[in-house]
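Below: the structure, in structure tokens.
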Amino acid sequence: MVTATQADRPATTRSRAAALRELALVVGLYVAYSATRLAVGGQWGAAREHADQLLRVERDLHLDVELWLNTIVTPVTWLAVPSSYWYATMHFVVTPAVLVLLYRKHPVLYRPARTALMAATLVALLGYYFFPTAPPRLVGGGYVDTLSATSQYGWWPSAAEAAAGGGSVTNQVAAMPSMHVGWALWVSIVLAALARRWWLKVLAFGYVATTTSVVVLTANHWVLDAVAGVVLVGACWVVASRAHRPPPASTQAPVHDLRRPLDEVDDGRTLAAS
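With the sequence shown counted from 1, adding 3 to any position gets you the working numbering.
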């Protein structure tokens with residue numbers, strides 16, 4: 004006689020194998036990032052030239068607001084400190100948390116969302132390797148490293164400590180595209196898909212709007228870096244959604260249709276009135 008526990012064991016094993024596979028993808032992505040950081044570590048000359056090229060384009064398009072925002076916000080402690088915490092924390096906490104939430108609660112959306120996130124990040128790594136770009140804070144010209152200026156309020160290093168090796172955990176010339184903004188857009192899209200009311204869907208995009216403002220005013224990214232991050236993740240989301248679209252006979256709604264509450268998709272129900 005087979006007990007319930009024994010019968011459930013194969014399913015449990017499959018579930019663990021799937022979880023390990025997803026974890027391996029994340030670890031592999033981090034290894035790729037680390038390898039890219041090491042590979043471009045000595046390309047400072049190219050990174051500075053690329054930054055100058057971006058700034059010239061921004062000036063032609065009247066988008067060069069980085070210095071203006073940076074010099075206004077950095078001296079204002081009550082604005083600079085929260086901005087620094089947002090930049091140093093949200094990117095590394097919110098994105099993994101949302102990914103885990105999707106994996107555990109919303110598998111229908113998880114598959115295309117994970118594919119979009121991984122694909123966009125891999126493409127960004129290629130960008131860091133072939134087009135290393137220095138952020139505003141490293142090119143001089145009056146830009147202030149807001150995180151260094153507020154280091155006494157947080158755990159991140161000052162400019163002197165970063166120069167001595169404290170900044171070695173990050174790729175210092177990985178400005179283009181901005182995956183702080185790209186990942187924030189990914190989170191906003193997911194939150195909008197999970198939201199049931201239209202105003203919550205709109206509010207979800209406040210996350211990427213805030214992140215975009217923060218990366219620019221702290222002198223960590225150029226405006227065009229943010230634009231590139233949005234375009235990259237948006238394109239990967241569309242492609243991944245189509246790749247994971249159910250067959251025409253399926254009763255499931257397209258996973259990227261933000262007009263439908265996601266819990267109705269996950270429960271297998273459809274909106275007859277749509």
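Backbone N, C-alpha and C fix where the C-beta goes; we use that ideal spot for every residue, glycine too.
Quiz prompt | Cα-Cα separation, serine 216 to alanine 187 | solution = Counting from 1 along the sequence shown, the entry for residue 216 is found at position 213. Counting from 1 along the sequence shown, the entry for residue 187 is found at position 184. Taking the straight line from one Cα to the other gives about 12 Å.
Practice problem: Put threonine 118 into one of helix, strand or coil per three-state DSSP. | Solution: As a working note, residue 118 is residue 115 in the sequence shown. Here DSSP, grouped into helix, strand and coil, assigns threonine 118 to helix.
Quiz item: For alanine 137, which of helix, strand or coil comes out of DSSP?
Solution: For the purposes of this step, residue 137 is taken as residue 134 along the sequence shown, with counting starting at 1. Three-state result, alanine 137: coil.
Quiz item: Would DSSP call alanine 178 helix, strand or coil?
Solution: The sequence position of residue 178 within the sequence shown is 175, counting from 1. Alanine 178 carries a coil assignment under DSSP once its states are collapsed to helix, strand and coil.
Practice problem: Excluding the 5 residues preceding and the 5 following tryptophan 159 in the sequence, name in chain order all residues of the same chain whose CB lies nearer than 6 Å to its CB. | Solution: Sequence index remark: in the sequence shown, residue 159 carries index 156 (1-based). Cβ within range, chain order: Ala91 and Leu150.
Self-check item: Residues near histidine 53 in its chain [Cβ-Cβ closer than 8 Å; skip 5 each side]
Solution: Position 50 of the sequence shown holds residue 53. If we look at histidine 53 and ignore the five residues flanking it on each side, its Cβ neighbours are Phe134, Pro135, Thr136, Ala137 and Met179.
Quiz item: Quick one: what's got a C-beta closer than 7 Å to leucine 82's C-beta in the same chain, skipping five residues either side?
Solution: Within the sequence shown, the letter at position 79 stands for residue 82. These residues qualify, in order along the chain: Val76.
Quiz item: Does the distance from the CB of tyrosine 131 to the CB of alanine 177 come in under 8 Å?
Solution: The sequence position of residue 131 within the sequence shown is 128, counting from 1. The sequence position of residue 177 within the sequence shown is 174, counting from 1. Going by C-beta atoms, tyrosine 131 is nearer than 8 Å to alanine 177.
Quiz prompt | Proximity to phenylalanine 95 [Cα-Cα], best of Val111, Pro139, Val190 and Val79 | solution = Residue numbering aside, residue 95 sits at position 92 when the sequence shown is read from its first letter. Measuring from the Cα of phenylalanine 95, the nearest candidate turns out to be Val190.
Exercise. Compute the Euclidean distance between the alpha carbons of alanine 246 and leucine 58, then round it to the nearest angstrom.
Key: Position 243 of the sequence shown, counted from the first residue, corresponds to residue 246. Position 55 of the sequence shown, counted from the first residue, corresponds to residue 58. The straight-line gap separating the alpha-carbon atoms of alanine 246 and leucine 58 is approximately 36 Å.
Quiz item: From Ala20, Pro139, His183 and Tyr106, pick the residue whose C-alpha is nearest to that of alanine 127; which is it?
Solution: Here residue 127 is taken as the residue at index 124 of the sequence shown, counted from 1. Looking at the Cα atoms, His183 is the closest of the given residues.
Quiz item: Rounded C-beta distance between alanine 207 and alanine 198? I'm assuming under 8 Å.
Solution: Residue numbering aside, residue 207 sits at position 204 when the sequence shown is read from its first letter. Residue numbering aside, residue 198 sits at position 195 when the sequence shown is read from its first letter. Right, their Cβ atoms sit about 6 Å apart.
Quiz prompt | Validate contact between the segment 221-231 and the segment 61-69 using beta carbons, cut 8 Å, 3 pairs | solution = The segment 61-69 and the segment 221-231 touch, with three or more beta-carbon pairs separated by less than 8 Å.
Practice problem: Please state if the CB of proline 115 and the CB of alanine 243 are separated by a distance shorter than 8 Å. | Solution: Residue numbering aside, residue 243 sits at position 240 when the sequence shown is read from its first letter. Residue numbering aside, residue 115 sits at position 112 when the sequence shown is read from its first letter. Yes, they are a contact pair.
Exercise. Would you please state the rounded distance, in angstroms, between the beta carbons of valine 147 and alanine 222? I believe it to be under 8 Å.
Key: The sequence position of residue 147 within the sequence shown is 144, counting from 1. The sequence position of residue 222 within the sequence shown is 219, counting from 1. About 6 Å separates the two Cβ atoms, so the contact holds.
Quiz item: Can you tell me whether DSSP reads glutamine 155 as helix, strand or coil?
Solution: Taking the first residue of the sequence shown as 1, we reach residue 155 at position 152. Glutamine 155: helix per DSSP, three-state reduction.
Quiz item: Hey, quick one: how far does the alpha helix (DSSP H) through threonine 74 stretch, first residue to last?
Solution: Here residue 74 refers to the residue found at position 71 of the sequence shown. Counting along the chain, the alpha helix (DSSP H) containing threonine 74 begins and ends at 69-76.
Practice problem: Report all residues from its chain with a CB closer than 6 Å to the CB of valine 236; omit the five preceding and five following residues, and keep chain order. | Solution: The count along the sequence shown starts at 1 and reaches residue 236 at position 233. Excluding positions up to five away in sequence, the list reads Ala123, Gly185, Leu188 and Trp189.
Quiz item: What first and last residue would you give for the alpha helix (DSSP H) that runs through proline 99?
Solution: For this step, residue 99 is matched to residue 96 along the sequence shown. Per DSSP, proline 99 belongs to the alpha helix (DSSP H) from 94-108.
Quiz prompt | Close beta carbons around tryptophan 89, own chain, < 6 Å, minus the five adjacent residues each side | solution = In the sequence shown, the residue the question calls residue 89 occupies position 86. For tryptophan 89, where only same-chain residues beyond five positions count, the Cβ hits under 6 Å are Val217.
Quiz item: Measuring CB to CB, does serine 181 end up less than 8 Å from glycine 143?
Solution: Taking the sequence shown and counting its residues from 1, the one referred to as residue 181 is at position 178. Taking the sequence shown and counting its residues from 1, the one referred to as residue 143 is at position 140. In this structure, serine 181 sits away from glycine 143, with a CB-CB distance that is not shorter than 8 Å.
Quiz item: Going straight from the alpha carbon of alanine 238 to that of arginine 140, what length do you get?
Solution: Taking the sequence shown and counting its residues from 1, one reaches residue 238 at position 235. Taking the sequence shown and counting its residues from 1, one reaches residue 140 at position 137. Approximately 29 Å between the Cα atoms of the pair.
Quiz item: alpha helix (DSSP H) containing histidine 224: first to last residue?
Solution: Along the sequence shown, read from residue 1 onward, the residue named residue 224 stands at position 221. Per DSSP, histidine 224 belongs to no alpha helix (DSSP H) and is neither H nor E.
Quiz item: Should alanine 119 and tryptophan 240 be called a contact, given that it needs their Cβ atoms to be closer than 8 Å?
Solution: Here residue 119 is taken as the residue at index 116 of the sequence shown, counted from 1. Here residue 240 is taken as the residue at index 237 of the sequence shown, counted from 1. Yes, they are a contact pair.
Quiz prompt | Alpha carbon of leucine 203 to alpha carbon of alanine 195, nearest angstrom | solution = As a first step, residue 203 is located in the sequence shown; it is residue number 200 there, counting from the start. As a first step, residue 195 is located in the sequence shown; it is residue number 192 there, counting from the start. When rounded, the distance between both Cα atoms is 7 Å.
Quiz item: DSSP three-state call for histidine 183: helix, strand or coil?
Solution: Here residue 183 corresponds to residue number 180 of the sequence shown, with the count starting at 1. For histidine 183, the three-state secondary structure derived from DSSP is helix.
Quiz item: With DSSP run on the structure shown, which of helix, strand or coil describes proline 85?
Solution: On the sequence shown, residue 85 is found 82 positions in, with the first residue counted as 1. Reduced to three states, the DSSP call for proline 85 is helix.
Quiz prompt | Cβ neighbour criterion (16 or more within 10 Å) applied to leucine 2 | solution = Outside the modelled stretch of the chain, which goes from 4 to 277, sits residue 2, for which no answer is possible.
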